[in-house]
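Following: one structure in structure tokens, then a few remarks.
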Amino acid sequence: MGSISLKKINKSFGSTEVLKNINLDIEDGEFLILIGPSGCGKSTLLNLIAGLEDLTSGEIVIDGLDVSGESPKDRDIAMVFQSYALYPTMNVARNICFGLEMNKVPKNEQKAILKKVSEVLQIDHLLERKPGQLSGGQRQRVAMGRALARSPKVFLFDEPLSNLDAKLRVEMRTEIKKLHKRIGTTIVYVTHDQIEAMTLADRIAVLKDGKLEQLGTPYEIYNDPVSHFVADFMGSPGMNFIECIVKDENLIVESSGQKYELSIPCTDALNNSNLDVVLLGIRPEMLTEIQPTVVENSFIHQIEFDVEVIEPMGADTVVIGQWNGTEVIARLSPESGKTAGKGFILQVDTSNAILFDPNTGLRIR
Amino acid sequence: MNRHILTNINIGRVMIYLILLFFALIYLAPLYVMFTTSLKGIEEIRSGNLMALPVDPTFYAWAKAWSSACTGSECKGLAPYFWNSVRIVFPAVIISTIIGAFNGYSLAKWKFKGSELLFGALLFGCFIPFQVILLPMAKLLGSLGLANTVTGLVMVHVIYGVAFTTLFFRNYYVGIPTELVRAAKLDGAGFFAIFRHIFLPLSTPIFVVTIIWQFTQIWNDFLFGVVYSGSGTQPITVALNNLVNTSVGGKEYNVDMAAAIIAALPTLVVYVIAGKYFVRGLTAGAVKG
Amino acid sequence: MFNFLEKNLPKIVLAPTTIVMIVCMYGFIVWTGLLSLTKSRMMPQWEFVGLDQYVRLFNNPRWHVAVDNLFIFLILFILIALVLGLLLAIFLDQKIRNEGVIRTIYLYPMAISFIVTGTAWKWILNPGLGIEKLVNDLGFVGFEFRWLVESDMAIYTIVIAAVWQSSGFVMALFLAGLRGVDDNLTKAAKIDGASTIRLYWHIILPLMRPVFFSAIVILTHIAIKSFDLVQALTGGGPGYSSDLPANFMYTYSFNRAQIGVGAASAMIMLFGVLAVLIPYLYSELREKKT
Numbered sequence: 075m076g077s078i079s080l081k082k083i084n085k086s087f088g089s090t091e092v093l094k095n096i097n098l099d100i101e102d103g104e105f106l107i108l109i110g111p112s113g114c115g116k117s118t119l120l121n122l123i124a125g126l127e128d129l130t131s132g133e134i135v136i137d138g139l140d141v142s143g144e145s146p147k148d149r150d151i152a153m154v155f156q157s158y159a160l161y162p163t164m165n166v167a168r169n170i171c172f173g174l175e176m177n178k179v180p181k182n183e184q185k186a187i188l189k190k191v192s193e194v195l196q197i198d199h200l201l202e203r204k205p206g207q208l209s210g211g212q213r214q215r216v217a218m219g220r221a222l223a224r225s226p227k228v229f230l231f232d233e234p235l236s237n238l239d240a241k242l243r244v245e246m247r248t249e250i251k252k253l254h255k256r257i258g259t260t261i262v263y264v265t266h267d268q269i270e271a272m273t274l275a276d277r278i279a280v281l282k283d284g285k286l287e288q289l290g291t292p293y294e295i296y297n298d299p300v301s302h303f304v305a306d307f308m309g310s311p312g313m314n315f316i317e318c319i320v321k322d323e324n325l326i327v328e329s330s331g332q333k334y335e336l337s338i339p340c341t342d343a344l345n346n347s348n349l350d351v352v353l354l355g356i357r358p359e360m361l362t363e364i365q366p367t368v369v370e371n372s373f374i375h376q377i378e379f380d381v382e383v384i385e386p387m388g389a390d391t392v393v394i395g396q397w398n399g400t401e402v403i404a405r406l407s408p409e410s411g412k413t414a415g416k417g418f419i420l421q422v423d424t425s426n427a428i429l430f431d432p433n434t435g436l437r438i439r
Numbered sequence: 000m001n002r003h004i005l006t007n008i009n010i011g012r013v014m015i016y017l018i019l020l021f022f023a024l025i026y027l028a029p030l031y032v033m034f035t036t037s038l039k040g041i042e043e044i045r046s047g048n049l050m051a052l053p054v055d056p057t058f059y060a061w062a063k064a065w066s067s068a069c070t071g072s073e074c075k076g077l078a079p080y081f082w083n084s085v086r087i088v089f090p091a092v093i094i095s096t097i098i099g100a101f102n103g104y105s106l107a108k109w110k111f112k113g114s115e116l117l118f119g120a121l122l123f124g125c126f127i128p129f130q131v132i133l134l135p136m137a138k139l140l141g142s143l144g145l146a147n148t149v150t151g152l153v154m155v156h157v158i159y160g161v162a163f164t165t166l167f168f169r170n171y172y173v174g175i176p177t178e179l180v181r182a183a184k185l186d187g188a189g190f191f192a193i194f195r196h197i198f199l200p201l202s203t204p205i206f207v208v209t210i211i212w213q214f215t216q217i218w219n220d221f222l223f224g225v226v227y228s229g230s231g232t233q234p235i236t237v238a239l240n241n242l243v244n245t246s247v248g249g250k251e252y253n254v255d256m257a258a259a260i261i262a263a264l265p266t267l268v269v270y271v272i273a274g275k276y277f278v279r280g281l282t283a284g285a286v287k288g
Numbered sequence: 034m035f036n037f038l039e040k041n042l043p044k045i046v047l048a049p050t051t052i053v054m055i056v057c058m059y060g061f062i063v064w065t066g067l068l069s070l071t072k073s074r075m076m077p078q079w080e081f082v083g084l085d086q087y088v089r090l091f092n093n094p095r096w097h098v099a100v101d102n103l104f105i106f107l108i109l110f111i112l113i114a115l116v117l118g119l120l121l122a123i124f125l126d127q128k129i130r131n132e133g134v135i136r137t138i139y140l141y142p143m144a145i146s147f148i149v150t151g152t153a154w155k156w157i158l159n160p161g162l163g164i165e166k167l168v169n170d171l172g173f174v175g176f177e178f179r180w181l182v183e184s185d186m187a188i189y190t191i192v193i194a195a196v197w198q199s200s201g202f203v204m205a206l207f208l209a210g211l212r213g214v215d216d217n218l219t220k221a222a223k224i225d226g227a228s229t230i231r232l233y234w235h236i237i238l239p240l241m242r243p244v245f246f247s248a249i250v251i252l253t254h255i256a257i258k259s260f261d262l263v264q265a266l267t268g269g270g271p272g273y274s275s276d277l278p279a280n281f282m283y284t285y286s287f288n289r290a291q292i293g294v295g296a297a298s299a300m301i302m303l304f305g306v307l308a309v310l311i312p313y314l315y316s317e318l319r320e321k322k323t
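Protein chains in written order, with my numbering: chain A, 75 to 439; chain B, 0 to 288; chain C, 34 to 323.
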């Protein structure tokens with residue numbers, strides 16, 4: 075059905091290389107997220123799959139067919155755009171059916187499809203309206219309806235939720251996920267929002283400067299990033315990075331004027347790297363108040379911490395202080411957050427801590 | 000204190016209104032003079048003055064200007080030339096507008112290597128003084144057998160009007176999101192289908208602006224008319240100039256003014272009906288002037 | 034095949050325009066340029082004589098009158114139209130009642146051709162029956178106003194008519210510019226205690242720089258091409274005292290059968306336009322890039 079295979083994709087605009095040797099296999103029915111900072115080439119890659127841009131070199135195979143030179147309409151794909159790109163002079167019904175009309179689907183069939191699609195998306199009461207008369211969320215639904223109507227092999231989403239307000243974005247996110255469950259069609263989805271990526275994806279492809287930095291499940295990307303870049307990109311609040319001196323397989327951390335030695339996993343790799351200074355990566359949720367239930371082991375440390383800023387988030391409270399002169403974020407329960415201040419005792423769990431080479435940004439493992 | 004400021008402001012505003020009104024009268028004066036003069040008899044013109052209302056209004060001058068005044072050696076009034084202008088303006092406006100629409104659509108939404116350069120080169124065409132192409136164009140019309148013909152004039156107006164119409168449409172279409180084109184491409188629509196179903200329905204304002212602009216430009220043209228028309232194919236501007244400069248049997252200023260109003264009437268009517276679009280065209284075509 | 038056609042449709046659509054543009058604009062400019070280097074008189078003769086025609090052109094007193102006239106016309110026309118247009122725009126921008134009507138009145142001359150404009154003003158300025166008589170009738174018996182028939186004044190009648198025709202357009206340009214000024218800016222200035230005059234002089238006028246710029250370019254362009262107005266108002270006369278280069282070019286090319294000189298004068302006009310245009314386009318493009 076809708077498998078996609080990208081082979082050695084290169085794309086340049088003039089002398090700027092936008093994509094460099096991208097290889098990526100997307101399985102049929104998979105929900106793949108392309109993520110990266112702006113300018114990383116993720117939208118270009120999506121446009122290449124759609125056929126809206128021409129490849130510089132490489133091959134795109136959809137469902138076993140090489141479509142590299144085909145025009146968009148011969149690729150059997152549908153796309154939802156960031157701006158929705160609804161045809162402003164047509165009403166909702168014609169917007170949804172326009173693709174069918176262009177492909178000469180008989181009128182009565184069009185009607186049947188329109189009925190089904192508009193019911194699924196709960197827009198059947200809007201069919202006579204023009205896009206200008208719709209709210210942001212309704213436009214989003216119509217844009218999806220237009221894509222659905224064609225029942226293509228692949229759906230492409232180009233930052234579809236970025237124009238919605240925060241609450242609606244969460245709602246639509248859930249809805250897209252439900253929709254994917256229901257129809258099971260392959261989806262390639264571009265976003266720069268790491269929460270969207272984590273919640274929606276079967277697999278996430280992280281792009282950086284036109285290169286595929288890492289491809290993996292959300293769990294892998296979050297817990298096992300290959301580089302400082304990926305680790306930094308995923309998670310909110312983001313991972314803490316502290317430059318530390320290495321001493322006998324431990325890392326020296328200075329907090330609240332005192333020096334601590336943190337023991338870490340992956341000591342073999344650390345020894346092999348022969349580095350005197352490494353970048354310690356540790357997620358805020360590993361820095362908490364003292365948890366009475368936790369099993370004592372060598373990775374659990376207690377550290378005095380001078381809290382400088384307290385930011386209650388509701389479900390938990392984020393506090394900020396310094397280690398080795400670098401800002402560090404810890405995640406406390408709301409109750410502990412209230413009492414946090416100078417000399418707060420922090421429990422630090424380093425069992426999931428990871429290390430990076432400070433020069434290359436690559437993982438030490 | 001407060002009242003003092005209030006009166007100050009009021010005096011200022013009164014001054015502004017007076018100045019604006021004064022200039023409005025100045026701008027209107029020539030039209031008033033033209034109109035009143037055209038209704039006067041020649042005796043009244045000689046004895047009265049410019050601003051006086053006609054004592055005994057007569058349409059003599061209008062009738063003569065329309066159907067029997069001399070424009071050079073012919074004495075058939077402006078009527079035949081009015082219809083010449085109509086025969087030149089309509090095809091030239093329609094053809095140049097349609098070509099401009101497709102050109103503008105291509106340049107705005109189907110960019111290719113060199114399309115920006117092409118647009119720049121075309122834009123430049125809006126600025127050249129036409130004197131620089133007068134001689135070779137005369138030669139070309141001659142060798143095509145179109146010298147002194149309405150067809151030839153239509154051709155010239157189309158050729159040198161397309162730069163403007165393309166500019167208008169291109170600048171308008173650039174403002175329509177490109178994602179619409181992309182969406183339509185994925186929906187299976189091609190170049191013409193996208194134009195017809197998506198761009199055309201959005202284009203009414205720019206069509207009106209362009210048509211009004213072209214209509215005014217071509218109706219008011221004198222240079223091409225005087226150079227490329229023959230005795231039977233002159234547009235109204237050329238005929239008006241001839242009429243004014245022909246003084247067989249004494250100067251009849253009332254006839255001159257009636258003729259001038261007849262020549263100006265179509266564009267004035269368009270301006271009064273669709274002034275909003277007229278102004279938009281002027282500012283959009285601000286590169287021209 | 035079908036794919037090829039589909040991919041190249043935009044180019045195919047633009048092809049005729051491109052070809053015609055290359056031939057009828059750039060080709061013709063080259064043609065005129067070459068012609069100006071030949072000894073052509075009545076008909077084109079392709080015998081090259083270098084810059085002879087330009088030498089003849091610049092030795093021709095009539096050309097000098099035309100060029101001098103152009104400078105007088107250009108400077109006065111642009112200056113008066115700019116000042117008038119700007120002032121009217123500023124006054125109109127004071128939340129005036131019936132603004133639409135007044136704007137319509139200021140702008141209607143722009144819809145009228147230069148030929149009609151010239152015809153009308155020829156009558157108004159008529160020595161004997163026009164303004165002169167009007168003022169005489171008002172009691173100023175000695176008043177004389179005969180610029181139209183005075184060699185050294187005729188060019189100023191063209192300035193008057195051209196200002197009447199085009200200043201409304203300048204007003205519209207400035208009005209559009211003034212409407213584009215951020216409201217918060219004027220509010221902030223008023224809160225800072227700036228008077229209305231200071232507000233316009235120090236804050237709003239500097240913002241109108243691009244409008245000044247494009248208005249000047251447009252008015253220059255109108256002025257250089259002005260041909261019909263002279264033709265209708267003074268016929269270049271008395272004598273050739275109110276000729277502009279465009280009229281000179283027309284007369285020599287089509288009435289005097291000296292197309293070599295005509296072509297040379299056309300080329301000089303083109304260079305004149307380019308001298309204004311190139312800096313303008315350069316700055317426009319630079320602005321767009323930043």
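Beta carbons are placed, not taken as given, at the ideal position from N, Cα and C, and that holds for glycine.
Taken through DSSP and simplified to helix, strand or coil, Asn346/A comes out as helix. In the assembly as shown, Ile257/A is an exposed residue. Its beta-carbon has fewer than 16 other beta-carbons within 10 Å. Against chain C, the beta carbon of Ser105/B has neighbours under 7 Å at Pro43, Val46, Leu47, listed in chain order. At least one CB atom of chain A sits nearer than 8 Å to the CB of Ile197/B. Between the segment 85-103 of chain B and the segment 216-226 of chain B, the count of C-beta pairs closer than 8 Å reaches three or more; the two stretches touch. A distance of 8 Å or more separates the beta carbons of Val180/B and Ile62/C. Between the beta-carbon of Lys258/C and that of Pro135/B there is about 18 Å, and that puts the pair past the 8 Å contact cut. Its chain contains Ile292, Gly293 as the residues whose beta carbon lies nearer than 6 Å to that of Ser73/C, once the 5 sequence neighbours on both sides are disregarded; these appear in chain order. Taking C-beta separations shorter than 7 Å and ignoring five residues to either side along the sequence, the partners of Leu208/C in its chain run Ala122, Leu125, Asp126, following chain order. Against chain C, the CB of Val32/B has a partner CB under 8 Å away; the residue lies at that interface. With its beta carbon at least 8 Å from every one in chain C, Arg169/B lies outside the interface.
DSSP links His375/A through a beta bridge to Val422/A. In the structure shown, Pro432/A falls within a coil segment according to DSSP collapsed to helix, strand and coil. If you check the CB distance, Ala271/A and Ile109/A come in under 8 Å. Secondary-structure assignment with DSSP links Met143/C through no beta bridge to anything. Annotated as distal: Val228/A and Thr265/A, with beta-carbon spacing of 8 Å or more. Between Leu129/A and Ile170/A, the gap from beta carbon to beta carbon reaches 8 Å or more. Annotation: the continuous alpha helix (DSSP H) that includes Tyr189/C extends over 187-212. For Tyr59/B, the CB contacts under 8 Å within the same chain, skipping 5 residues up- and downstream, are Gly40, Asn253 in chain order. Within chain A, the residues placing a beta-carbon under 7 Å from that of Gly187/B are Lys147, Gly173, Met176, Asn177, ordered along the chain. Legend: CB atoms of the segment 146-160 of chain C lying less than 9 Å from CB atoms of chain B belong to residues Ser146, Phe147, Ile148, Val149, Thr150, Gly151, Thr152, Ala153, Trp154, Lys155, Trp156, Ile157, Asn159. Ala68/B carries a coil assignment under DSSP once its states are collapsed to helix, strand and coil. Contacts with chain B (Cβ-Cβ distance below 9 Å) from the segment 286-303 of chain C involve Ser286, Phe287, Ile292, Gly295, Ala296, Ser298, Ala299, Met300, Met302, Leu303, listed in chain order. The C-beta of Trp82/B comes no closer than 8 Å to any C-beta of chain C. Beta-bridge analysis with DSSP links Val228/A to Ile151/A, Thr260/A. For Ile127/B, a Cβ of chain C is located within less than 8 Å of the residue's own Cβ.
Gln184/A and Lys147/A have their C-alpha atoms some 18 Å from each other. For the pair Ala183/B and Val149/C, the CB atoms are not nearer than the 8 Å cut-off.
With the criterion set as a beta carbon lying under 7 Å from some beta carbon of chain B, the members of the segment 151-165 of chain A are Ile151, Ala152, Met153, Phe155, Ser157, Ala159, Tyr161, Pro162, Thr163, in sequence order.
Lys333/A is bridged by DSSP to Glu328/A.
Taken in chain order, the complete alpha helix (DSSP H) segments of 4 or more residues contained in the segment 192-251 of chain B are 203-219, 222-227, 235-244.
Note that the C-beta distance between Asn147/B and Ser228/B is below 8 Å.
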